[in-house]
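Below is one structure, written out as structure tokens; the observations come after it.
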Amino acid sequence: MGRGRSAPVRDVFTVSIAYIAYRACNGYSEGVQQTDAARTRLRELILDGVYAPGQRLTELEAAAVLAMSRTPVREAFRALVADGLVRSAGRGVSVVELGPEALRHAYQVRGVLEGLTAELAAERQRRGEMAPAELTALERIAADAQEATAAGRLVEAVRHNRRFHGRIAALSANPVAAASLERLWDQIQVSTRRSLAAPERPDQVAAQHLRLLAAIAAGRAEEAHAAAREHVMDTCAAHERGGTEEER
Numbered sequence: 002m003g004r005g006r007s008a009p010v011r012d013v014f015t016v017s018i019a020y021i022a023y024r025a026c027n028g029y030s031e032g033v034q035q036t037d038a039a040r041t042r043l044r045e046l047i048l049d050g051v052y053a054p055g056q057r058l059t060e061l062e063a064a065a066v067l068a069m070s071r072t073p074v075r076e077a078f079r080a081l082v083a084d085g086l087v088r089s090a091g092r093g094v095s096v097v098e099l100g101p102e103a104l105r106h107a108y109q110v111r112g113v114l115e116g117l118t119a120e121l122a123a124e125r126q127r128r129g130e131m132a133p134a135e136l137t138a139l140e141r142i143a144a145d146a147q148e149a150t151a152a153g154r155l156v157e158a159v160r161h162n163r164r165f166h167g168r169i170a171a172l173s174a175n176p177v178a179a180a181s182l183e184r185l186w187d188q189i190q191v192s193t194r195r196s197l198a199a200p201e202r203p204d205q206v207a208a209q210h211l212r213l214l215a216a217i218a219a220g221r222a223e224e225a226h227a228a229a230r231e232h233v234m235d236t237c238a239a240h241e242r243g244g245t246e247e248e249r
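Note that the sequence shown covers residues 2 to 249 in our numbering.
Written out as structure tokens, the structure reads:
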């Protein structure tokens, strides 16, 4: 009889624990989603130049812009610090600002990695592992970048250019190289968004993209490697010649 009377109590206790666990997991999932959303949106705003290099951003300001509480914003800040896109600054962060030497170092590593990913993509093409549609998509992205640049749509051009290089990294089938490049691209893009505005750059960039495309499409790995690395280092040289953003 005693055992029979205690069964409902145990059942209620079990249900209560299950409910608490469910709410805890559900709340955690919602928190992660909010943090991811905050991180994604803040990253977009930084890369698009809404927040300039060196600019300070507080939790309160970001929370107001994103219409969120400060908790997911705080976690998003921590993630962006880990990504190397911002630095901690009291109760907020400041957008990363690479100096000339640090920028040159970033380009040097980017050149090596983009040479590698272009080479690997060309090797996959030579072995018949790349679908024709993948090359067609890459050609379309390059054309979109050229058209946007010629029309003076700078933010759009930068996005297409980033997609072009990101697509080659994905086609290399080397996720480590692709992830490393993502971090470098973010840091470089923050300070160099206007490089394509230099008078000589649009035609030069388009020609280099076409050369790189041709090498990958033909499966010429060494040529693709050289074309990719040359393109990156030429871009670095253009930034060094250009001086400050206002002088370009």
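Glycine included, every Cβ here is placed at the ideal spot set by N, Cα and C.
Every value quoted in this text rests on a predicted model; they were computed, and no experiment measured them.
- Here DSSP, grouped into helix, strand and coil, assigns Thr236 to helix.
- In this structure, Ala39 is the residue among Leu182, Ala39, Gly50 and Ala218 with its C-alpha nearest to the C-alpha of Ala65.
- Residues of the same chain with a CB within less than 7 Å of the CB of Thr193, apart from the 5 flanking positions on each side, are His240 in chain order.
- Contact check for Ala178 against Leu136 fails: the beta carbons are separated by 8 Å or more.
- By the Cβ neighbour-count rule, Glu115 is buried, with 16 or more other Cβ atoms within 10 Å of its own.
- Measuring C-alpha to C-alpha distances from Thr236 to each of Ala225, Arg75 and Ala207 identifies Ala207 as the nearest.
- DSSP lists no bridge partner for Leu182.
- Of the candidates Arg164, Met131, Thr59 and Ala107, the residue whose Cα lies closest to the Cα of Val96 is Thr59.
- Per DSSP, the continuous alpha helix (DSSP H) segment holding Arg168 begins and ends at Leu155 to Leu172.
- Within 10 angstroms of the beta-carbon of Pro101 lie fewer than 16 other beta-carbons, which makes it exposed.
- Gln190 places its beta carbon 8 Å or farther from that of Leu99.
- Around the beta carbon of Arg160, a 10 Å sphere encloses 16 or more other beta carbons of the protein chains shown; the residue is thus reported as buried.
- With a beta-carbon spacing of about 6 Å, Ile217 and Ala119 fall inside the 8 Å limit used to define contacts.
- DSSP, reduced to helix, strand and coil, places Val110 within a helical segment of the structure shown.
- Only buried fits Gln126, as 16 or more other CB atoms lie within 10 angstroms of its CB.
- The DSSP assignment places 87-90 and 93-96 as complete runs of the beta strand (DSSP E) inside the stretch 73-122, in order along the chain (cut-off: 3 residues).
- Taking all protein chains shown into account, Ala134 has fewer than 16 neighbouring C-beta atoms within 10 Å of its C-beta and is therefore exposed.
- Three or more Cβ pairs closer than 8 Å define a contact, and the stretch 77-88 meets that threshold against the stretch 41-57.
- Relative to the Cα of Gly167, the nearest Cα in the group Leu139, His232, Ala107 and Arg154 belongs to Leu139.
- Looking at the DSSP output, Thr59 bridges to Gly93.
- Ala228 is the residue among Ala228, Pro203 and Thr72 whose C-alpha sits nearest the C-alpha of Ala215.
- By alpha-carbon distance to Val94, the top candidate from Ala103, Leu211, Leu104 and Phe78 is Phe78.
- Per DSSP, Pro54 is not a residue of any alpha helix (DSSP H), being assigned neither H nor E.
- Judged by DSSP secondary structure, Thr137 falls within the alpha helix (DSSP H) whose first and last residues are Pro133 to Ala151.
- Closest in alpha carbon position to Ala90, among Thr150, Arg75 and Ala103, is Arg75.
- Setting aside the 5 residues that flank it on each side, Pro203 is surrounded in the same chain by Gln147, Thr150, Ala151 and Leu197, each with a C-beta closer than 8 Å to its C-beta; the list follows chain order.
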